[in-house]
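Report on the structure given below.
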């Protein structure tokens, strides 16, 4: 018996539109509706991907009985409110980072997931990046030894992004630092601290030729988590691995021939 496809509605069609062909190609999912405040953009993307159901109002979308899950890619200030509304409407939720901009909204989302049994995912993209998977493989094989303290930094070219992004409080958008560190160890943290200017020093902007957001995070553990496979780790050269394969997929530089 075949598994029924989960019916997904995508809200926010900027970066969010890039997920449409992924869902359309997935054997267990289908895009049944899209939502965008700008009617012209909504029509253009709906026509391009041949999606019939189109909404300019998020609350109207939540009333659609044919939608099982909402994928939220709207502006940051709307993430918490819309995730809460979708869970209350009985929809599964996947939301781009950050989860919300207040502790109260985060707590409400967790509370609703526990009460409803619905699924919620904060879609931290870095934990699917080849760099993270490479480090994770090193850790899983015991090559990083005992971890007591982690520090991560993330720099992001903000050219072309919404004007409110540069200068956001660091904890509003520390997910690209905190997410991979917690995903790497799956350990309880004693504390997580984040800091950053929100924008790189003005005198360095010419180096990058664009605004540049900066975030940094620290994690200290209650205990020192050991690798799950440290006892069986080898110091000899390892065979071809996930990390090796991922690195081999890196785009070649035409100018260098590599």
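Residue numbers (our numbering): 6 to 263.
Every residue gets a Cβ at the ideal spot worked out from N, C-alpha and C, and that includes glycine.
Please read these numbers as outputs of a predicted model, since none were measured by experiment.
inquiry  = Taking a contact to mean a Cβ-Cβ separation below 8 angstroms, would you say residue 58 touches residue 74 in this structure?
reply    = no
task = For residue 65, count neighbouring Cβ atoms within 10 angstroms of its own Cβ and tell me buried if that reaches 16, exposed if not.
result = exposed
request  = May I ask which residues mark the beginning and end of the beta strand (DSSP E) holding residue 58?
outcome  = That run of the beta strand (DSSP E) goes 58-60.
request  = Compute the Euclidean distance between the alpha carbons of residue 98 and residue 35, then round it to the nearest angstrom.
outcome  = The straight-line gap from Cα to Cα measures roughly 15 angstroms.
Residue 145 in three-state terms, based on DSSP = helix
query = Where does residue 266 land, buried or exposed, given buried means 16+ other C-beta within 10 angstroms?
reply = The chain is shown from 6 up to 263; residue 266 falls before or after that span and cannot be answered.
request  = Reducing DSSP to helix, strand and coil, say where residue 71 ends up.
outcome  = coil
key: Residue range of the unbroken alpha helix (DSSP H) whose run includes residue 49   = In the DSSP assignment, residue 49 falls within the unbroken alpha helix (DSSP H) covering 44-54.
request  = May I ask which residues mark the beginning and end of the beta strand (DSSP E) holding residue 98?
outcome  = Here the beta strand (DSSP E) through residue 98 covers 97-101.
message = So, with DSSP's three-state summary, where would you put residue 12?
response = When DSSP states are grouped into helix, strand and coil, residue 12 belongs to the strand group.
inquiry  = Only counting the same chain, and skipping five residues up and downstream in sequence, which positions put a Cβ closer than 7 angstroms to that of residue 8?
reply    = 33
Reduced DSSP secondary structure (H/G/I, E/B, other) of residue 129 = coil
query = Counting Cβ pairs, one atom from each stretch, are 3 or more of them under 8 angstroms apart for the segment 81-95 and the segment 44-57?
reply = With a cut-off of 8 angstroms on Cβ pairs, the segment 81-95 is not in contact with the segment 44-57, counting fewer than three such pairs.
CB of residue 76 within 8 angstroms of CB of residue 104, strictly = No, these two residues do not count as a Cβ contact at 8 angstroms.
query = Does the separation of the CB atoms of residue 78 and residue 134 fall below 8 angstroms?
reply = no
request  = Using alpha carbons as the reference points, say which of 80, 186, 13 lies closest to residue 72.
outcome  = Selection 80, 186, 13 evaluated against residue 72 yields 13 as nearest (Cα-Cα).
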